[in-house]
Structures are given as C-alpha cells and as structure tokens.
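Heads up: the protein sequence lines correspond to chains A and B, in order.
Mapping of the first sequence onto the numbering used here: residues 1 to 163, in sequence order.
Mapping of the second sequence onto the numbering used here: residues 1001 to 1163, in sequence order.
The C-beta atom is built at its ideal place from N, Cα and C for all residues, glycine as well.
Encoded as structure tokens, the structure appears first; notes follow it.
2 protein chains.
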Amino acid sequence: MEDVIRSLGFLCLGSRLKRIGEQLQADTQRVLDRLDVPVQSSQYPLLAALDRLGALPVGELAQALGIAQPGVTRSVALLAELGLVEVSQSNNDQRRRIVSLTRNGRRLVDVAKRDVWPRIEKAVADLCADLSGPLLDQLAAIEDGLAAAPIDRRVEKAGAVVQ
Amino acid sequence: MEDVIRSLGFLCLGSRLKRIGEQLQADTQRVLDRLDVPVQSSQYPLLAALDRLGALPVGELAQALGIAQPGVTRSVALLAELGLVEVSQSNNDQRRRIVSLTRNGRRLVDVAKRDVWPRIEKAVADLCADLSGPLLDQLAAIEDGLAAAPIDRRVEKAGAVVQ
DNA sequence: CATTGTTATATATCATGTTATTGTTTCGTG
DNA sequence: CACGAAACAATAACATGATATATAACAATG
C-alpha cells in the first residue's frame, strides 16, 4: 500500500512531520512506561524548561516551549495534581502565577537527567546519525529506521551496553 | 527567551517535529481560508489518497495515510457530511465500507490540484530548498524561515509571480 | 482618581491524533 | 454445519495541540 503522505512530498510536509513526531513520542512513552514514572512523555519538555530556566510564569513558560498559553495552563494543572510542580503568586504582580518544581519534581528531573534522558537522546541521535542530504530523504530514512526498530527497542540495546 | 525544545536537541525531537508540522498546517490553513473551501488542511491528505488510489475501504485508507483507523472513520464522517466523499458497502464483504469521492469531492480535488496544491508545494519546497547538513540544523532553518515568512505569505508572492 | 486600555491567566470549545472496546461479518476447522 | 477465531469498522475515552473569549490585575491618561 502506497504511503500517500510520503508520496506527496513537500505538499504534506506538515502532516508528515506531525506523524513522525507522534511516533517518536509514542515510542518514548513506552520507554517511560517501563519505569514507574506517572508522567506522559509530552510533559517532560515543561519539566526540562523549569530545570533549565528556573521558576517561570505561565506565559514565559509557553514562550520557552513554543506552544500556546492554554496548553501550558493545562499541563501545569496536571503536573501540580501529580505534585511535581507548584504555583505561587508573584509578589509585585498579582496576575502572574509563577510555576516551579516541587521537591518531588526536582527529584524526578534529577533521576531522569541521570538515568533516562541520556539514553533516549542517544537512541534518537543514533537513529539520525548517518543522515545527510535533502530533508525529505532524511525523513524517509527516519521513518524506515523507526519501522525497523522503534526508539524503545533502541534504548533497550543502548541500556544493555551502558550498564 | 530560550527555546527549550530546540536546545534539548534529539531528546525532544518528537515534540519539535510535531510543533513544526502544526505550524505548517496552520499556515496552509490560512491559505485555504482565503479561498472558499470548507475543508481543514489536515483533511486534504485523505482526499488526495482517494484521488491517487481510487475508492478504498476504511482500513486501507488508514494504512495509506499512516494513521489509525478511528481517525479515518471520523474524517470520513466529516467529509461525508460536507458531501465530498460517500461510503458504500462492499459487495463481497459486508464488513468493509468503501470510501469514494463524490462528484463535488472530485471537483474540489481537481481545482485544488490545478490551482492550490502546486503553489503550496512550491512555497514549502522553496522554504526547504537551500537546506543541507544535519537534520537539527535543517529543522532550525525551517523554524527560522517560517518565523521570517509563513507559508501563506510565501504563497502570496509565488502566486503573484505565477499569475 | 476614575475610566479606559493592556496584560496575564483561565476557561470553553474545537481539531485531530491515540488506544481500548464492542458489535458484525467472515473464515476455518472439527 | 456449527462454533470459535479473526478481521473490519464504529464508538468511547483520553491526550494534547489550537483559537476565542472571559476575568482579573495593572498601567496610563484626561
């Protein structure tokens, strides 16, 4: 069966990038599922942003993540429910709500930074290591690579080597 | 403000691809909004699949588009509501529901193929034309290019030249 | 200093992807 | 041929992106 999105080339580049991105996230989710972490893979960028930049108001967090503000509001509510972030009022401006990592959130990020993220990053980097040439060719190579061995399988192998 | 997704490189490649894909689709949507077409940009791949491959059952359509079957069921219901596709029972297998373009759907695809898709494809191709090198660099160039001039502005210009 | 505009966030609604489940129909086999 | 397994599509429930709008706090000005 012909892959229409791939055949259409630049015309459907948006759909194709979304599709690859979703697959990568789903693969990564399977890695996380094997650990005991109650967080979706898509929430990690927010945690990583707080780790890199420190406590931030909602709007700046949205800017740092490149997504719209309501998405951040929702993610923050979810992560606050899980006890990983907390929200405090700004002193000088009562409108701003400053988001920061809780002690548990800090611990989760530290563990992830040490044990999980490097493996995922390495698996994705390996997947993309030998790519060169035009963008569409590189995307096709990524799709083929993921079909041959999804990220979670690549992490397994890398894990075995690292340990 | 630092772009955390970009900074994190391969670790958040999935989020980043999704983000770029969504932006491309939103830009394309703005092109379509200026025409009179009542169809979301994300529905065009389905129409294009029927155009390229002819009438197809739901499952094969899902395979051709690389998305899950329930997504196709929903899109087909939506496009059928708009009168662009229709569904008929298969003769030999009562389980299969064959999706095909209606006369209106056929006309829409023909117009799009002639007047719209070539411009969008050209605008996206131009955006990606001079890219080379590692994937992450190419993605950064695309992000910068879209920030400088989104697809709908590029289509305008291309349209002016072509006409 | 009251009113008016702006900014920051929350909420509502929609779009579109996912997985899990259910109900039919078909197939294969004892 | 009957019955259990498999295949196909629909539905339910959820995730996560978007835009539009409402609300509250701040700022600026006549």
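Under 7 angstroms Cβ to Cβ from residue i, same chain only, skipping five residues before and after it: list those, please.
i                 : result
Lys18 (chain A)   : none
Gln138 (chain A)  : Leu131
Gln1023 (chain B) : Leu1146
Thr1073 (chain B) : Val1058
Ala80 (chain A)   : Glu86, Val87
Val1076 (chain B) : Val1058, Val1085, Val1087, Val1099
Cys1012 (chain B) : Ile1005
With the cut-off set at 8 angstroms, would you say residue i and residue j are in Cβ contact?
i                 : j                 : result
Val1155 (chain B) : Ile1120 (chain B) : yes
Leu127 (chain A)  : Gly105 (chain A)  : no
Ala62 (chain A)   : Leu53 (chain A)   : no
Ile151 (chain A)  : Val116 (chain A)  : no
Val87 (chain A)   : Arg97 (chain A)   : yes
Pro38 (chain A)   : Leu78 (chain A)   : no
Ser1041 (chain B) : Leu1032 (chain B) : yes
Gln29 (chain A)   : Ser1015 (chain B) : no
Ile142 (chain A)  : Ile67 (chain A)   : no
Ala1055 (chain B) : Leu8 (chain A)    : no
Can you list, in chain order, the residues of its chain whose CB lies under 8 angstroms from that of residue i, leaving out five sequence neighbours each side?
i                 : result
Asn1092 (chain B) : none
Pro57 (chain A)   : Ser90, Arg96, Arg97, Ile98, Val99
Phe10 (chain A)   : Leu136
Gln69 (chain A)   : Val58, Gly59, Ala62
Leu1035 (chain B) : Val1116
Lys1113 (chain B) : Asp1051
Ala129 (chain A)  : none
With a cut-off of 8 angstroms on the beta carbons, I'd call residue i and residue j a contact; round off their distance for me.
i                 : j                : result
Leu101 (chain A)  : Val109 (chain A) : 6 angstroms
Val1004 (chain B) : Pro134 (chain A) : Incorrect: roughly 28 angstroms between the Cβ atoms, too far for contact.
Ala140 (chain A)  : Arg6 (chain A)   : 7 angstroms
Glu1060 (chain B) : Met1 (chain A)   : 6 angstroms
Give the DSSP-derived three-state secondary structure of residue i in the structure shown.
i                 : result
Glu1143 (chain B) : helix
Gly1071 (chain B) : helix
Ser130 (chain A)  : Reading off the sequence, residue 130 (chain A) comes out as Asp, not Ser. In the structure shown, Asp130 (chain A) sits in coil (DSSP, three-state: anything other than H, G, I, E or B).
Ala1149 (chain B) : coil
Leu135 (chain A)  : helix
Quick one: residues in its chain with C-beta nearer than 6 angstroms to the C-beta of residue i, no 5 flanking neighbours on either side, listed in chain order?
i                : result
Asp51 (chain A)  : Val109
Asp965 (chain B) : Nothing can be reported for residue 965 (chain B), as the shown portion of chain B is limited to 1001 through 1163.
Note to self: I'd like the ranges of any beta strand (DSSP E) spanning at least 3 consecutive residues and lying wholly in the stretch 75-125 of chain A.
What the structure shows: 85-89, 97-101
Checklist line | Those runs of the alpha helix (DSSP H) which lie wholly inside the stretch 1003-1064 of chain B and span at least 4 residues | finding: 1004-1007, 1013-1034, 1044-1053
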